[in-house]
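Following: one structure in structure tokens, then a few remarks.
Numbering (this note's numbering), first residue to last: 5 to 199.
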């Protein structure tokens with residue numbers, strides 16, 4: 005008859021995990037220097053890693069009160085609004101982002117030209133041009149396509165301009181004189197207008 009003995013509380017040492025102390029560092033919990041306070045979030049800059057999207061435009065079409073409420077919450081969430089203050093820099097950035105991407109989509113640019121046109125447009129200080137941002141975005145796309153693509157003719161002087169560029173220019177009512185001026189500014193000295 006064999007008898008196995010355990011301690012009085014039922015503790016059996018062989019049932020416990022083995023702890024390897026060979027990698028233990030003695031200084032691991034040592035206090036070094038002063039603790040740094042956690043920085044408070046900056047309320048003026050939006051959190052770009054925020055993945056929450058409030059779709060008030062689709063979900064609240066029937067009820068205007070709900071739509072207004074969730075629109076305000078969406079603006080708080082995206083960093084566009086803080087209380088009764090509006091982040092105008094971020095608002096301008098969003099408007100310019102939507103402007104260039106709507107033109108890129110209408111002109112059916114390929115992905116390489118899309119990124120190049122958007123990057124070039126966002127690098128400009130649009131106030132230095134002295135004209136509407138729409139014309140600058142249009143001419144930016146035209147310059148990118150003209151410099152890289154031999155098949156699509158989109159220069160403002162050309163008689164047989166690409167049909168997509170021609171259609172947008174006529175729909176928006178762009179003056180040929182303005183288009184030529186802005187096109188030349190972007191194609192010849194873009195660094196002068198960056199900022």
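Glycine included, every Cβ here is placed at the ideal spot set by N, Cα and C.
For residue i versus residue j, is the C-beta spacing smaller than 8 Å?
i           : j           : result
residue 147 : residue 117 : no
residue 121 : residue 144 : yes
Can you tell me whether residue i is buried or exposed? The criterion is at least 16 other CB atoms within 10 Å of its CB, across all chains shown.
i           : result
residue 140 : buried
residue 189 : buried
residue 6   : At residue 6, the pLDDT of 49 sits below 50, so the modelled position is not reliable and the matter cannot be decided from this model.
residue 107 : buried
residue 111 : buried
Give the secondary structure of residue i by DSSP, where H, G and I count as helix, E and B as strand, and everything else as coil.
i           : result
residue 151 : helix
residue 6   : With a pLDDT of 49 at residue 6, under the threshold of 50, the modelled position of that residue is not reliable, and the figure given next carries that caveat. Residue 6: coil per DSSP, three-state reduction.
residue 89  : strand
residue 198 : strand
Please report how far the alpha carbon of residue i lies from the alpha carbon of residue j, in whole angstroms.
i           : j           : result
residue 133 : residue 142 : 13 Å
residue 198 : residue 192 : 13 Å
residue 90  : residue 84  : 6 Å
residue 152 : residue 87  : 46 Å
residue 170 : residue 195 : 27 Å
residue 113 : residue 168 : 10 Å
residue 77  : residue 58  : 8 Å
Self-check item: Inter-stretch contact at 8 Å, needing at least 3 Cβ pairs: the segment 121–139 / the segment 95–109
Solution: With a cut-off of 8 Å, the segment 95–109 and the segment 121–139 count as touching, because enough Cβ pairs lie within range.
Quiz item: With a cut-off of 8 Å, do at least 3 Cβ pairs link the segment 178–194 to the segment 152–163?
Solution: When Cβ pairs closer than 8 Å are counted between the two stretches, the segment 178–194 is seen to touch the segment 152–163, the count reaching three or more.
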